[in-house]
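To start, the structure itself, in structure tokens.
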Amino acid sequence: MRQTAPSTPQSMPPIYRQVRWWILALLFFVTVINFVDRLTLSFVAPTLRDSFQLSNTQYGYIVSAFVLGMMLGEFPMGWLMDRKGPRAGFTFAVLWWSLANGMHAIGKAAWQFMLFRFWMGTGECGNFPGGVKVVGQWFPARERAFAIGTFNAASLVGGMIAGPLVFYITAQWNWQAAFLIPSALGALWVFFWRAFYRPPAQHPSLTAAEQQYIQAGQEPEVEEVSSWQLLKLRQTWAVMLCRMMVGPVIQFYLFWLPEYLFRARGLDMKSIAWFSVLPPLFGDLGSMGGGALAGVLIARGWGVRQSRRVVMMGGALLCAMSIVVVTAPSPLLCGAAVCVVYLGHYALSANMFASITDLFPNSATARATALTGVAGGFSGWLFPLLTGILVDAISFKPVFFIAALMPLFGTLILFALLKGVRKTEVA
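Here's what the structure looks like:
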């Protein structure tokens, strides 16, 4: 189905008075908070492990508990966002994970930290399904990839500021404060969310011109889709399999790249720390730029799905630069290739998530996103295990080659399964 962009009404208020961009700003900030909360443990881990004599195995269990909580909480959180709406859903999710994060401050044993991490994971997983649902409600199709790319880029911003913020708080007070202060920020965000967020049809500050613009870019709503129907849809499995192939790649870079640069490339930790700021910057560029590019193509008359495909395929091909990361003759070229991979991955991801709003009625977008999160969580748990086995048995080289091909395979699977599928096919 060819879908063109809505034209912008002449009476549209200036951008700083357009409600949807303020709502996107709230999504951006909550995603920053989400990732600061998520990464706090990583930066206080040396202190915690020394204080409570936690072994490597115990710390591994603590980290795994969070991933398990994320995977098991994805669908319930998606159901909550669809059934109760993003206003109530985000309120519960943010307060739930903020309380769990704050509870780390009273932890004294491995089992307690495992419990708190699992609890926290069951709440943090609600951020993305809720965000995708909000974008589907508030943005026309031409702007969705950019909007999703923007709040997805916030995860990288959170990753960039988490370390300095946690180190500063710990130096000024103690490691307990490093958990408590970000938790308080989550509660503060909920106050602004409750005060400002409403669905478009109920928002008192939404002008008639902006409402018309949003509605003109929405697809006609179809019949309610049950969770069982979602699992029978080809588009559900298409996006699930795509995320299963794409998601583990960036997780591999997050958790294994420093180890690779230190052991295989011989870089010292100071150099690695300084370099670690660069890839997220390119990821931000890919996330927002990839979303904006799709919007430009749609505005020029390209079909929505065609526009997404072009950007996704371009991103997948850039991800193939993982081969250069491991084969480059110099650390400089290796680092440049890493930045290109981040650029491609986040351009691909922004449009992959935006495609969910194209393929499913708004009443099901959060649950559909959550199902993809379950698939991505499973592969994200499995791929690190495979990485360790391959590195011990052979080297890093086969892992980087696999990482180079997975996004391309995932994108091609998505294209193949979506052939002939329309959003209105829900039965």
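Residue 366 in my numbering sits at position 366 of the sequence shown, and the numbers go up by one each step.
All C-beta atoms, glycine included, are put in the ideal place defined by N, C-alpha and C.
Per-residue burial, Gln251 [other beta carbons within 10 Å of its own, 16 or more giving buried]: Buried: at least 16 other Cβ atoms inside 10 Å.
Where Asp268 falls: helix, strand or coil (DSSP): Three-state DSSP puts Asp268 in coil, outside helix and strand.
Own chain residues within Cβ distance below 6 Å of Ala5, not counting five before or after: Only weak support is given to the placement of Ala5: the predicted model assigns it a pLDDT of 48, under 50, and the value that follows is read from those uncertain coordinates. By the criterion of a C-beta distance shorter than 6 Å, Ala5 is surrounded in its chain by Arg142, Ile298, Ala299, once the five residues flanking it on both sides are discounted.
Cβ separation of Gly377 and Met77, assumed to be a contact under 8 Å, to the nearest whole Å: Contact between Gly377 and Met77 does not hold, since the beta-carbon distance rounds to 12 Å and is not under 8 Å.
Residue from Ala100, Thr170, Thr150, Thr327 with nearest C-alpha to Phe43: Phe43 has its Cα closest to that of Thr170, out of Ala100, Thr170, Thr150, Thr327.
Three-state secondary structure assigned by DSSP to His203: Look at His203 here: in three-state DSSP terms it is coil, with no helix or strand label.
Among Leu41, Pro182, Gly73, Leu80, the one whose alpha carbon lies nearest that of Val63: Nearest option by C-alpha distance: Leu41.
Test item: CB-CB of Pro182 and Asn101 under 9 Å: Contact check for Pro182 against Asn101 passes: the beta carbons are separated by less than 9 Å.
6 Å Cβ shell around Ala154 - same chain, five flanking residues per side excluded: Phe28, Thr31, Val32.
Close Cβ partners of Val311 (< 7 Å) along its chain, the five nearest in sequence each way excluded: Excluding the 5 residues flanking it on each side, Val311 has same chain C-beta neighbours closer than 7 Å at Gly290, Leu293, Ala294, Ala347, Asn351, in chain order.
When Ser271, Val134, Pro164, Cys125 are compared against Val67, the one with the closest alpha-carbon: By alpha-carbon distance to Val67, the top candidate from Ser271, Val134, Pro164, Cys125 is Cys125.
Given 8 Å, three or more beta-carbon pairs between the segment 357–367 and the segment 225–239: As far as the Cβ criterion goes, the segment 357–367 touches the segment 225–239, which means the pair count is three or higher.
Minimum length 4: unbroken alpha helix (DSSP H) runs contained in the segment 34–98: Restricting attention to alpha helix (DSSP H) runs no shorter than 4 residues, the segment 34–98 encloses them at 56–84, ordered along the chain.
Under 9 Å between C-beta atoms of Val325 and Ala162: No, the pair does not count as a contact, with Cβ atoms beyond the cut-off.
Of the listed residues Gly73, Leu417, Pro140, nearest to Leu371 (C-alpha basis): Check the Cα spacing between Leu371 and each of Gly73, Leu417, Pro140: the tightest is with Gly73.
Cα-Cα separation between Val426 and Met244, rounded to whole angstroms: Low confidence applies to Val426: its pLDDT is 42, below 50, so where it sits in the model is not reliable, and the reading given next is rough at best. Near 23 Å, if we compare the C-alpha coordinates of Met244 and Val426.
Proximal residues to Val374 (C-beta, below 8 Å), its chain only, five neighbours per side dropped: Beyond the five residues adjoining it in sequence on each side, Val374 comes within less than 8 Å, by CB distance, of Met71, Glu74, Phe75, Met240 in the same chain, given in chain order.
Beta-carbon spacing of Ala366, Val190 below 9 Å: No, these two residues do not count as a Cβ contact at 9 Å.
C-alpha gap between Thr369 and Asn174, whole angstroms: Distance between the alpha carbons of Thr369 and Asn174: 37 Å.
Alpha-carbon to alpha-carbon, Asn152 and Leu417: Taking the straight line joining both Cα atoms gives about 25 Å.
Contact under 9 Å by Cβ, Gly159 with Gly286: Cβ atoms of Gly159 and Gly286: not closer than 9 Å.
Rounded separation between Ala105 and Trp96 - CA only: Rounded to whole angstroms, the separation of the alpha carbons of Trp96 and Ala105 is 16 Å.
Short Cβ contact (9 Å threshold) for Leu408 with Leu278: With contacts defined as CB atoms closer than 9 Å, Leu408 and Leu278 fail to qualify as a contacting pair.
Buried versus exposed call for Thr424 [16 or more other C-beta atoms within 10 Å across all chains shown]: For Thr424, the predicted model reports a pLDDT of 45, less than 50, meaning its position is unreliable; a value from the coordinates is still stated below. With fewer than 16 other Cβ atoms within 10 Å, it is exposed.
Residue environment, Ile394, which counts as buried when at least 16 other CB atoms sit within 10 Å: Around the beta-carbon of Ile394, fewer than 16 other beta-carbon atoms lie within 10 Å, marking it exposed.
Beta carbon of Val19 nearer than 9 Å to that of Glu210: Result yes, Cβ atoms of Val19 and Glu210 sit closer than 9 Å.
In chain order, each alpha helix (DSSP H) run of at least 4 residues that lies wholly inside the segment 309–357: Those alpha helix (DSSP H) runs which fall completely within the segment 309–357 and span 4+ residues are 322–327.
Boundaries (first-last residue) of the alpha helix (DSSP H) holding Gln446: Past the boundaries of the shown model lies residue 446; the chain is included only from 1 to 427, so the question cannot be answered.
Residue range of the unbroken alpha helix (DSSP H) whose run includes Trp175: Where Trp175 is concerned, the enclosing alpha helix (DSSP H) stretches over 175–196.
C-beta neighbour in chain C for Ile169, strict 9 Å: No chain C is part of this structure, which consists of one protein chain only.
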